[in-house]
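Take the sequence shown: its letters are residues 101 to 275, numbered as in my numbering.
We put the CB at the ideal spot given by N, CA and C, even for glycine.
Predicted model only: the values in this text are computed from it and were never measured.
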Amino acid sequence: KGARRPGFRVVHYSIQNDHAHFLVEAQGKVCLANGMKSLGARFARCVNRVFQRAGRVLADRFHHVVKRTPTEVRRALAYVLLNVRKHFWQRRRREPPVALDGASSGLWFDGWKGRAPPPGRYADPGRECEVALPRTWLLSKGWRRIGLIDPAEVPGAIRPGRGHGRHSGSSAVAA
């Protein structure tokens, strides 16, 4: 319901303890600004209801990066959908478990290498879809030219002796 409004679609997201990432499609700066304002308000209402608090949740501003190439979009998708793995690696310096992040839209992502989302606590196929289907070529088809996303990737991780290997570079799209 809140994933779409005229000229604005939330295609994927990841909610972390202290920040959130959203991949969105917007028809221009005004639609982006209005869409993010609306998304921020809905997000704040949900977080405040869950934690029985009041007040702002997201900062008054958001940071956005326009992705223009299939490689940039693929990196952004991996970064957003596998962000919890990145943070696990940063904290513990060991391989994170391959599991669906229940606070992301990974359940509805159709570009996993192997075709099905990884197992996870919230991998309920009956759960109502919380994101909009992408309409742009880059987000729907273009990035796939680079390769489907392996749930075992760790976005941004460069480990001694291993180089980048199956790990994608980091590219943040955040709100």
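By how many angstroms is the C-alpha of residue 126 removed from the C-alpha of residue 238? If I take the Cα positions, the gap works out to 13 Å.
What number of angstroms, rounded off, separates the C-alpha of residue 253 from the C-alpha of residue 173? Going from the Cα of residue 253 to the Cα of residue 173 covers about 15 Å.
Beta-carbon spacing of residue 234, residue 111 below 8 Å: Taking the C-beta atoms as reference points, residue 111 is found nearer than 8 Å to residue 234.
Could you tell me which of 107, 155, 236 and 113 sits nearest to residue 134, measuring between CA atoms? Ranked by Cα distance from residue 134, the options 107, 155, 236 and 113 are led by 107.
For residue 230, which option in 119, 124 and 249 has the closest C-alpha, if you only look at C-alpha atoms? Among 119, 124 and 249, the Cα nearest to that of residue 230 is on 124.
Measuring alpha carbon to alpha carbon, tell me which of 213, 118 and 200 ends up nearest residue 250. For residue 250, the nearest C-alpha among the options comes from 213.
Just verifying my parser: in three-state terms, what is the DSSP assignment at residue 279? Absent from the structure is residue 279, since the part of the chain shown begins at 101 and ends at 275.
Would DSSP call residue 103 helix, strand or coil? In the structure shown, residue 103 sits in coil (DSSP, three-state: anything other than H, G, I, E or B).
I need the straight-line Cα distance from residue 241 to residue 247, nearest angstrom please. Rounded to the nearest whole angstrom, the CA to CA distance from residue 241 to residue 247 is 11 Å.
Pick helix, strand or coil for residue 162, following the three-state DSSP scheme. In this structure, residue 162 counts as coil in the three-state DSSP scheme.
Tell me which same chain residues have a C-beta within less than 6 Å of the C-beta of residue 144, skipping the five on either side of it? Excluding residues within five positions, the ones whose Cβ falls inside 6 Å are 157.
Please classify residue 150 as buried or exposed, where buried requires at least 16 other C-beta atoms within 10 Å of its C-beta. With fewer than 16 other Cβ atoms from the protein chains shown falling within 10 Å of its own Cβ, residue 150 counts as exposed.
Are residue 206 and residue 196 closer than 8 Å when you measure CB to CB? Not closer than 8 Å, so no.
Taking the alpha-carbon of residue 113 as reference, which of 198, 105 and 202 has the nearest alpha-carbon? Its Cα nearest to that of residue 113, the residue 202 stands out among 198, 105 and 202.
Terminal residues of the continuous alpha helix (DSSP H) containing residue 178? It spans 170–181 - the alpha helix (DSSP H) in which residue 178 sits, taken as one unbroken run.
Reduced DSSP category for residue 150 - H, G, I as helix; E, B as strand; rest coil: Residue 150: helix per DSSP, three-state reduction.
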